[in-house]
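First the structure, in the form of structure tokens, and then the observations on it.
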Amino acid sequence: MIDLQLLALLLIPLLGGGLLAVFGSRSWAAELNSLMSFLTFAASVVLTVRVIDSGPQVAFSEQFFIDQFNVFLVALTAFVAFTTSLFSRPYMRIEQHHGKLTTGMLHLYYSMYQLFTFAMLIALTTNNMGIVWVAMEAATLTTVLLVSLYRTPASLEAAWKYFILCGVGIALALFGTILLYFAAERVLGQGGTALLWTHLNDVKGELEPTVLKLAFIFLLVGYGTKVGLVPLHSWLPDAHAEGPTPVSAVLSGLLLNVALCAVVRSKVLVDGSLGNHFAGNLMMGFGLLSVLVASFSLFRQKDIKRMFAYSSIEHMGLITFAFGMGGPVATFAGMLHMTVHSLTKSAIFFAVGHAVQKVGTQQMDSIRGMLQVSPTVGWGLALGTFAILGMPPFGVFASEFLIITTAMHEYPWATPILLVSLGVAFAAIFGKMQPIVFGETTAKPLPHPPALVPVFVHLLLVLMLGLYMPPYLADWYRQAAALLG
Amino acid sequence: MHIPFTLQFINLLAALLLLVSFAMLAQRRILSLVNLFAWQGALLALSTFIVAYSSNQHHLYYSAGLTLLLKVLLLPWLLHRLMRKLNVRWDVETLINIPTTMLFGIALVIFAFNLAAPISQLAEGITRGLIGIALACVLLSLLMMLTRRKAVTQVVAFLSLENGLFFAATSATQGMPLVVELGIALDVLVATFIFGIFFFQIRETFDSLDIGHMEKLKDD
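Protein chains in written order, with the numbering used here: chain A, 1 to 485; chain B, 1001 to 1220.
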């Protein structure tokens, strides 16, 4: 039984949200935030160990379902949420010192941070496709006020766009869920079990294909908006660029993964029902388009956070493509890429956040010579850039290599598109980051020491995954890939 | 073919729902728009009640009550209050003129019926053929969101979109499980509150609720 572990995992962030809603303006709120995030992470580790030992399980009268696939995302989410909370402690204090944030805004930030973690964990662990929808919407609601935290005209515009676009997108996902229920009800009967993923998975062969086809289109468009798939991505660069950096890090590193998890769960059902590769093909198409459009958009960017937001779209496209291909190797590669992308991208946002604080602007033309200002920030940026561009020996190289070789084997026509996009992305990001890291500087010192330990911990993990994958981890991913088929 | 009375009644309500959606699309005054939204909620609550009665699904009675409370009373009241506080009663400017919008709307309805045709064939009992209308309501609300400039109107469109989805859930499937419906209702309520907070922030920053001011973020 995993009831107790699961309960701890879900109740700790909820409790954290409640505590920080009360004590959010105290001077130790940042420490409390980190503590609650650490406890959540600890609970996720315990849960992970249990699930890897004893396989997929349901809990609380089947309302929750944990298997190797979602427990991997749970562990990743809890870990990055914890390291981001460590990063945000000095970062937000510096912002307050610079007069950009008031205590009231920080109060909102801390309690919403915990509730956002809670919403993501619910979305990952629930077995009920309806609750997935509710939790995804809750994740939007908790972050929308964080995107507009600075109350600048640009941040309000970004938040409004985020709210409306994701609201509409997710409404379409609800229509997809209703259609799914409509099809399921005819097989499983009225009532509670017809939306439970495990039950749907058991009877997926009997579900009405025409309905599921339409349902998947709505689900993909809906949740795809949150994943940031082109052409539904226009909220993402704005929200990432205008929100506070810790929020950009968790949106990019975590929320996109959680939304993609919902798409993958739907894909398993739909392709099982149709008996062909309809859902997979759609995902591959959207994925390729995202990779292509995002990498060519990288050239036009002037704002450093915007550029890395486009890089997130590119990588999410790549992961969507990998899951769309399906099969044990591609799914394995997709999961590995999810892991390394989350770790690397959040590390980059941490380093970028401190670099921007030193220079006082996000315009790349004005950020110069970070290596001179602060070797740690400079190296963080340099190594993070190398890692995200897929340089060996970092883990991103391993997963991209796996994805491309599988594509060569199964869908040769897609390989040139992928290679060109990755090449273009490399040229764009490398060209823009080179003078930022090296060159002459104009920066000023910070009032609080920056938190760069999380940056290097993340990059070290990514490096490790590139050089040596521990056998139990490889086993774990392989089992998860086998479950998804 | 004998058609039971309840089904006829639900079909009538569905037609009225579509009519209200069109009326909202054509409406220029925000105040009347909110009133129409309340009417839409009332029709929705009534149709849910009838589905509950005819199919003997007890949890649908709760849904109907919840709809009545939330969408006919609470949300319109909140919106009215917001408009009084923000003093926005003036006419809405649309991006495309109203007759053209209506033509687009008719095209969308035809599209929705075509899309839903294969599904409607599968529906049993009292719910056959209503999915098309629900989908049409959803698409009309989307159209309204695209063509309006005022933040308040966009929110009313968002809520009416949710009404269309709710109608799809009750008419096509006789209601989602109660826990899901409660979750959705909670999300909608919280979303409305956040929209309210936003209105104040937007007006404070831009001195207006016209979202035309918010088209500055571009890639360049």
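The beta carbon of each residue, even a glycine, is placed where N, CA and C say it ideally should be.
Computed from a prediction, not measured in an experiment: that's the story for all the values here.
Chain E contacts from the stretch 408-442 of chain A (Cβ-Cβ distance under 8 Å):
The structure shown contains no chain E; its protein chains are A and B.
Would you tell me roughly how many angstroms separate the C-alpha atoms of H240 (chain A) and A159 (chain A), rounded to the nearest one?
The straight-line gap from Cα to Cα measures roughly 10 Å.
8 Å Cβ shell around L1074 (chain B) - same chain, five flanking residues per side excluded
L1189
Please classify G275 (chain A) as buried or exposed, where buried requires at least 16 other C-beta atoms within 10 Å of its C-beta.
exposed
I want to verify the contact list: residues of chain A whose CB lies under 7 Å from the CB of T1153 (chain B), in sequence order.
Correct list: empty, because the minimum Cβ distance to chain A is about 12 Å.
Considering V1088 (chain B), what are the terminal residues of the beta strand (DSSP E) in which it resides?
Run containing V1088 (chain B): none; DSSP gives neither H nor E here.
Flag this pair as yes or no: are the beta carbons of M364 (chain A) and I304 (chain A) separated by less than 9 Å?
yes
May I ask you to verify whether the stretch 99-110 of chain A touches the stretch 16-35 of chain A, counting CB pairs closer than 8 Å and requiring at least 3?
yes
Excluding five sequence neighbours on each side, which residues of the same chain lie with their C-beta closer than 6 Å to the C-beta of L219 (chain A)?
A173, G176, S266
Could you work out which residues of chain B lie near Q190 (chain A), taking near to mean beta carbons separated by less than 8 Å?
Q1057, Q1174
Where in the stretch 331-396 of chain A do unbroken runs of the beta strand (DSSP E), each at least 3 residues long, occur, reported from the N-terminal end onward?
none
Just tell me which of A:M307, A:R186, A:S155, A:A481 has its CA closest to the CA of K345 (chain A).
A:M307
Would you list, in chain order, the members of the stretch 1194-1206 of chain B that have their beta-carbon closer than 9 Å to a beta-carbon of chain A?
For chain A, the residues of the stretch 1194-1206 of chain B that bring a beta carbon within less than 9 Å of one of its beta carbons are I1194, F1195, I1197, F1198, Q1201, I1202, E1204, T1205, F1206, in chain order.
Inter-residue Cα distance where the pair is L1013 (chain B) and A1151 (chain B)
When rounded, the distance between both Cα atoms is 29 Å.
Rounded to whole angstroms, what is the Cα-Cα separation between L1046 (chain B) and T1067 (chain B)?
9 Å
Do Q357 (chain A) and I94 (chain A) have their beta-carbon atoms positioned less than 9 Å apart in this structure?
Yes.
Count the other C-beta atoms from every protein chain shown that fall within 10 angstroms of the C-beta of G169 (chain A), then say buried if there are 16 or more, exposed otherwise.
buried
C-alpha distance - T48 (chain A) paired with L336 (chain A), whole-angstrom precision
17 Å
In three-state terms, what does DSSP make of K267 (chain A)?
helix
How about T406 (chain A) and V329 (chain A): do their beta carbons lie closer than 9 Å?
yes
Using a Cβ-Cβ distance cut-off of 9 Å, determine whether T177 (chain A) contacts chain B.
The beta carbon of T177 (chain A) sits closer than 9 Å to some beta carbon of chain B.
Rounded distance between the beta-carbons of A138 (chain A) and A119 (chain A), thought under 8 Å:
4 Å
Between which two residues does the alpha helix (DSSP H) carrying I313 (chain A) extend?
304-325
Please name the residue in A:G380, A:T339, A:T385, A:P246 whose C-alpha comes closest to that of S311 (chain A).
With respect to the C-alpha of S311 (chain A), the residue from A:G380, A:T339, A:T385, A:P246 having the closest C-alpha is A:T385.
Name the chain A residues that come within less than 9 Å of N1122 (chain B), Cβ to Cβ?
The sequence given here has Leu at residue 1122 (chain B), not Asn. Ordered by position in chain A, the residues that pass the 9 Å Cβ test against L1122 (chain B) are F182, A183, R186, E208, T210, V211.
Positions along the stretch 133-156 of chain A whose CB lies within less than 7 Å of some CB in chain B
V134, E137, A138, L141, V144, L145, S148, R151, P153, A154, L156
For the stretch 1131-1144 of chain B against the stretch 1175-1189 of chain B, are there 3 or more C-beta pairs whose distance is under 8 Å?
When C-beta atoms of the stretch 1131-1144 of chain B are compared with those of the stretch 1175-1189 of chain B, fewer than three pairs fall below 8 Å, so the two segments do not count as touching.
Using Cβ-Cβ distances below 8 Å, what residues of the stretch 225-239 of chain A are close to chain B?
P237, D238
Cross-chain neighbours of W160 (chain A) in chain B, by beta carbon under 8 Å:
A1151, F1198, I1202, I1211, M1214
Any beta carbon from chain A within less than 9 Å of A1023 (chain B)'s own beta carbon?
no
Buried versus exposed call for Q434 (chain A) [16 or more other C-beta atoms within 10 Å across all chains shown]:
exposed
For a cutoff of 9 Å on Cβ pairs, would you count M1144 (chain B) as touching chain A?
Using a Cβ-Cβ cut-off of 9 Å, M1144 (chain B) does not count as an interface residue toward chain A, since no Cβ of chain A sits closer than that to its own.
Measure from the C-beta of G1183 (chain B) to each C-beta in chain A and report whether the shortest distance is under 9 Å.
yes
Alpha carbon to alpha carbon, what distance is there between L9 (chain A) and T198 (chain A)?
21 Å
At 7 Å on the CB atoms, spell out the chain B contacts of A171 (chain A), in chain order.
L1161, E1162, L1165
Is it a yes or a no for the stretch 112-126 of chain A touching the stretch 248-261 of chain A, going by three-plus beta-carbon pairs under 8 Å?
The stretch 112-126 of chain A is in contact with the stretch 248-261 of chain A.
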